[in-house]
Amino acid sequence: MMLSAQAVADARDVLDGTEFYRPAHQVIWQAICDLADRGDPCEPTAVAAELGPRRLSKVGGGPYLHTLIQDTVSSTQAAYYAHRLADLAYARTVATTGIRLTQLGHQAADGDTTDLRGTVTAAVQEITAPDARGWPTPTPLEAARVLPTFPLPMLPDWLAEYAARLAEQTQTPPDLAGCLALAVLAVAAGGKVWVQARGWREPTNIFTVIALGPGNRKSEVFAAMTGPIRAAEAMLREQAQPYITDIAMQRRVAEADMEKAEKAAINAIDAIVREQHLADARIAAERLQELQVPAEPRLFSDDATPEILTSQLAQQGGRMAVLSPEGEIFSIAAGRYSGAPNFAVLKHGHAGEGMRIDRVGRPSEIIESAHVTLGICTQPDVLAGLADTPQFRGQGLLGRILYAVPASLLGYRDASPELIPAHVAQTYADTLTNLITRLHDLDEPISLNFSDSAIAAVQELLRETEPRYRPGNDLAHMPDWGGKYPGAVVRIAGLLHTAQHHHGTWACPITAETFACARQIGDYFLAHAQAAYDLIGADPDLADARALRDWIARTGAHRFTASDAVQALRPRFRKVADLDQGLRVLESHGWIRRLPTPPRANGPGRSRAVVYEAYPETAL
């Protein structure tokens with residue numbers, strides 16, 4: 001420290017002066033620190049002057065200060081020796097405590113057991129208590145986010161009021177009813193409504209996932225919000241049944257005509273007669289080909305494998321939803337039954353793309369434009385488990401989901417909430433049913449356009465979000481989601497516009513006011529997506545850092561090398577290089593620090609492995 005100002009700083013990061021065994025060294029330490037605090041030089045002459053004649057003589061005089069310098073090879077190793085001194089001081093404390101405990105044991109053997117257990121416990125706690133001197137408070141690896149509540153007032157009045165009343169009656173977060181409100185609108189509009197932005201267009205189907213723990217009445221809210229969809233589906237089936245029956249009858253007649261003509265042609269002796277019967281059989285076959293019995297109308301499925309979902313899309317004209325109070329669709333897509341991830345139908349179905357499916361032993365299925373809507377309520381653990389299937393992130397599925405991670409109301413619920421007025425529930429059911437049936441009856445999809453002021457707002461959204469994908473900004477680690485964020489807001493604007501004009505007057509342009517409402521909802525989903533990506537561990541470097549920190553806390557590893565961590569955390573890390581980014585994150589956040597390497601002996605030899613020291617309170 002008397003040779004280098006940097007050595008003073010390095011030593012004071014680790015020591016406070018009590019670690020020295022010799023009292024003289026404690027006095028010298030304090031003199032150096034006093035000089036450094038004033039900004040004065042700390043060389044031996046200055047230290048001697050600071051000590052004064054009386055104290056200087058007690059520490060060995062001026063020559064002793066020069067002896068200390070002469071015995072020092074280099075000041076660059078100050079940090080290493082400071083840590084070594086701290087370790088030896090701790091070892092001395094442990095030895096002293098051991099002697100004291102031995103004395104207590106002997107006293108107890110002589111019959112003096114007064115508060116023996118308490119005294120021993122206090123002594124052990126004193127030497128095992130974490131010592132965070134020299135450590136700054138670590139920066140949390142989990143972002144402490146105050147998440148917004150779903151902005152129900154941004155929904156059309158008939159939908160917002162019912163969702164708010166339902167949240168009150170069920171004592172559930174408004175997020176649950178609000179996100180499902182968008183999902184049911186997407187069931188009605190998906191595949192029937194497109195939104196034309198400037199230079200691109202978006203379908204109006206969405207994927208929304210609400211993560212909420214058990215006991216939060218998810219099923220009750222889910223059943224209430226989707227009830228009109230079930231009623232509309234039943235109505236559509238009833239309306240379609242006479243037509244389906246008629247086509248089935250005509251098909252049976254055509255089959256009989258074809259069979260009759262084929263038999264007549266086989267039995268005909270005259271070639272001209274045979275040709276006439278064959279012509280009749282061809283006409284009947286063509287007629288049979290035209291008479292394809294349509295499937296009963298279906299709007300949604302509770303759970304479906306990707307293969308069944310694809311077939312349902314083909315049967316329902318490219319429109320299908322998966323609405324479920326559980327998250328089974330993700331485990332199925334991850335390969336629960338097939339053994340390999342299979343979610344191509346979800347990727348195509350989110351974008352409204354065409355699909356052609358060829359399978360052995362089955363006719364080809366051609367879907368001109370596939371539209372899948374997801375409305376899933378699930379457990380937070382299911383959301384966190386999405387990271388277990390790397391293909392979900394790598395192939396873009398996670399970036400297509402609108403996440404909601406609301407806070408549970410368990411423990412704060414009102415036992416006597418206000419019930420939903422009958423007229424509010426009836427208005428919701430009638431309006432949604434009417435919207436579904438009106439859009440279902442459209443022969444061709446409609447395209448919505450923005451007003452000039454709304455287009456300007458869309459462009460402003462694009463300008464504001466683009467820089468956020470750059471390295472170091474808040475969306476840099478989730479470009480897959482962030483890149484689809486403006487498109488999601490455009491889709492939401494289309495849904496709000498369609499719901500506002502549920503009487504069929506949706507040909508008018510989407511206004512700037514409607515887009516502003518959509519953007520507020522988009523801001524909600526943006527904040528929740530960032531929280532969801534934290535939960536999923538979508539930032540791989542941050543996920544590795546958390547795994548290392550949790551291992552340190554679990555095992556109480558005070559000091560370790562990268563090799564120690566690899567051995568303990570296989571197969572997550574297979575080689576030391578795999579830990580580089582995670583260790584760098586932990587170090588930059590103050591959870592670990594590298595210990596100085598010892599002075600290298602003369603001659604060749606392998607460099608010693610870097611030793612890391614963990615923040616003392618990590619294991620608490």
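The C-terminal residue of the sequence shown carries number 620 in the UniProt record's numbering, and the numbering is unbroken. A virtual CB, placed ideally from N, CA and C, is assigned to each residue, including glycine.
Asked                                                                                                                                                                             : Found
Determine the direct distance from the alpha carbon of Val585 to that of Thr18, and round the result to whole angstroms.                                                          : 32 Å
Whole alpha helix (DSSP H) runs in the segment 256-299 with 4 or more residues, listed along the chain?                                                                           : 271-290
So, using beta-carbon positions, are Val27 and Val59 closer together than 7 Å?                                                                                                    : yes
From Asp13, Ser416 and Leu56, pick the residue whose C-alpha is nearest to that of Pro23; which is it?                                                                            : Leu56
Using a threshold of 7 Å, state whether the C-beta atoms of Arg469 and Leu461 are closer than that.                                                                               : The identity of residue 469 in the sequence shown is Tyr, whereas the question assumes Arg. Not in contact: Tyr469 and Leu461 (Cβ atoms no closer than 7 Å).
Under the rule that 16 or more other beta-carbon atoms within 10 Å means buried, what is Arg92, buried or exposed?                                                                : exposed
Taking the continuous beta strand (DSSP E) assigned at Phe20, which residues delimit it?                                                                                          : Taken as a continuous stretch (DSSP letters only), Phe20 belongs to no beta strand (DSSP E), as it is neither H nor E.
Going by beta carbon distance, what residues of the same chain come within less than 6 Å of Leu620, once the five residues before and after it are set aside?                     : Residue confidence for Leu620 is low, a pLDDT of 45 falling below 50, so the modelled location carries little weight and cannot support an answer.
Just to confirm my understanding: we take Gln581, look at its own chain, exclude 5 residues before and 5 after, and list those with CB closer than 7 Å. What are they?            : Asp541 and Asp544
By the DSSP assignment, the alpha helix (DSSP H) with Cys179 in it spans what residues?                                                                                           : Pro174 to Ala189
Please determine, among Thr465, Ala562 and Ile510, the residue with the shortest C-alpha to C-alpha distance to Gly522.                                                           : Thr465
State the beta-bridge partners of Phe207 as determined by DSSP.                                                                                                                   : Leu374 and Ile401
By Cβ distance below 6 Å, which residues in the same chain neighbour Ala334 in space, the five residues on each side in sequence not counted?                                     : Pro341 and Thr389
Suppose you measure from the CA of residue 642 to the CA of Gly327; what does that come to, to the nearest Å?                                                                     : Residue 642 is absent from the model: the chain starts at 1 and stops at 620.
Return the chain-ordered list of same chain residues with a C-beta closer than 6 Å to the C-beta of Trp591, the five sequence neighbours on each side being excluded.             : Pro138, Arg549 and Tyr615
DSSP three-state label for Pro363, please.                                                                                                                                        : strand
Got a sec, what are the start and stop residues for the beta strand (DSSP E) Asn216 sits in?                                                                                      : That residue, Asn216, is in no beta strand (DSSP E); it is neither H nor E in DSSP.
Any heavy atom of the ligand FMN within a distance shorter than 6 Å of the CB on Pro363?                                                                                          : As for the ligand FMN, it is missing from this structure, which has no ligand bound.
Using CA atoms only, rank isn't needed, just tell me which of Gly191, Gly215 and Glu368 is closest to Thr172.                                                                     : Gly215
Apart from the five residues just before and just after Asp280, which ones in its own chain have a Cβ nearer than 6 Å to its Cβ?                                                  : Ala261
Do you know offhand how far Asn205's Cα is from Glu613's?                                                                                                                         : 51 Å
With DSSP as the reference, identify every bridge partner of Arg519, one or two as the case may be.                                                                               : Paired residue(s): none; Arg519 is not in a bridge.
Could you give the distance in angstroms between the alpha-carbon of Ile401 and the alpha-carbon of Pro598?                                                                       : 51 Å
Would you grab the beta carbon distance between Thr437 and Leu236 for me? Rounded to a whole angstrom, and I think it's under 8 Å.                                                : 7 Å
Under the DSSP definition of a beta bridge, which residues are partnered with Glu202?                                                                                             : Val195
Determine whether the beta carbon atoms of Thr511 and Ala493 lie at a separation below 7 Å.                                                                                       : no
With DSSP collapsed to three states, give me the class of Glu513.                                                                                                                 : helix
Check each candidate in Asn473, Ala529 and Ala456 and name the one with the smallest Cα separation from Trp481.                                                                   : Ala529
Which residue spans inside the UniProt domain "DNA helicase DnaB-like N-terminal" (1-86) form an unbroken alpha helix (DSSP H) run of at least 4?                                 : 5-12, 23-38, 44-58 and 61-70
For Ala614, report the span of its beta strand (DSSP E) as first-last.                                                                                                            : Val611 to Ala614
Tell me whether the segment 403-412 and the segment 247-257 touch, counting them as touching only if at least three CB pairs, one residue from each stretch, are closer than 8 Å. : no
Three Cβ pairs or more, each shorter than 8 Å: is that satisfied between the segment 365-375 and the segment 307-320?                                                             : yes
Using C-beta distances below 7 Å, list every residue in its chain close to Ile229, excluding the 5 sequence neighbours before and after it, in chain order.                       : Val184, Val187, Leu299, Phe300 and Ile436
Taking the C-alpha atoms as reference points, what is the distance between His106 and Ala122?                                                                                     : 18 Å
Taking the alpha-carbon positions, what's the Ile99 to Val120 distance?                                                                                                           : 12 Å
When DSSP labels each residue in this structure, what does Leu410 get in the three-state scheme?                                                                                  : coil
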